[in-house]
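Below is one structure, written out as structure tokens; comments come after it.
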Amino acid sequence: MSDLRAFQWHFNVKDRQHQAALAPRVPDPGCVYVQFDFMQNLSVPQSGTEPGSWWYANCRIEYTVFGVMLVVVSEGVRRTKFITYVTDALDHGGLIASRFLERVLQHVPEDTRHINFWSDCGLHFRCYQLA
42 MSDLRAFQWH
52 FNVKDRQHQA
62 ALAPRVPDPG
72 CVYVQFDFMQ
82 NLSVPQSGTE
92 PGSWWYANCR
102 IEYTVFGVML
112 VVVSEGVRRT
122 KFITYVTDAL
132 DHGGLIASRF
142 LERVLQHVPE
152 DTRHINFWSD
162 CGLHFRCYQL
172 A
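42 is the number of the first residue of the sequence shown in the working numbering; add one for each residue after it.
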């Protein structure tokens, strides 16, 4: 039963975040919105070509993909920037997420008054390493 409650909570949080992201709001000058999540691992062939004869015996490499939507509001103008990080570290943990977010902060203007971080409530974002 606790697993069902946890799933319901996760689903409700996702719905609230989605509705908040779609809702029209007055841009707050000096504010930056950062929405981020891990995407499904990307699997690519090791070679530049992959003939059909490799269908059952192919050799592939997996990569972790971390996606970020950065919205900067300054002087009444809203600018959106999409950032994608790709790494061969397959861990979807808080430590690697914090490293990616450190890089995202390099894209934040210096005159920013506050930053709103948005993510799902997965364990990798609720852990001590990211807090």
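Don't be surprised by glycine CBs; every beta carbon is placed ideally from N, CA and C.
Asked: Buried versus exposed, by CB contacts within 10 Å (16 or more), Ile137; Found: buried
Asked: Simplified DSSP state of Gln2, which is helix, strand or coil; Found: Absent from the structure is residue 2, since the part of the chain shown begins at 42 and ends at 172.
Asked: Where the beta strand (DSSP E) containing Glu143 begins and where it ends; Found: Counting along the chain, Glu143 falls outside any beta strand (DSSP E), though it belongs to the alpha helix (DSSP H) covering Gly135 to Val145.
Asked: Identity of the residues DSSP links to Cys72 by a beta bridge; Found: Val114 and His155
Asked: Residue(s) in a DSSP beta bridge with Phe123; Found: Met110
Asked: For Ile124 and His155, believed in contact at Cβ under 8 angstroms, the rounded distance; Found: With 8 angstroms as the limit, His155 and Ile124 do not qualify as a contact, their Cβ atoms being about 20 angstroms apart.
Asked: Straight-line Cα distance separating Phe107 from Phe141; Found: 8 angstroms
Asked: Local conformation of Ser84 per DSSP, three classes; Found: strand
Asked: Proximity winner among Val54, Phe79, Cys72 and Gly163, relative to Val109 (alpha-carbon distances); Found: Phe79
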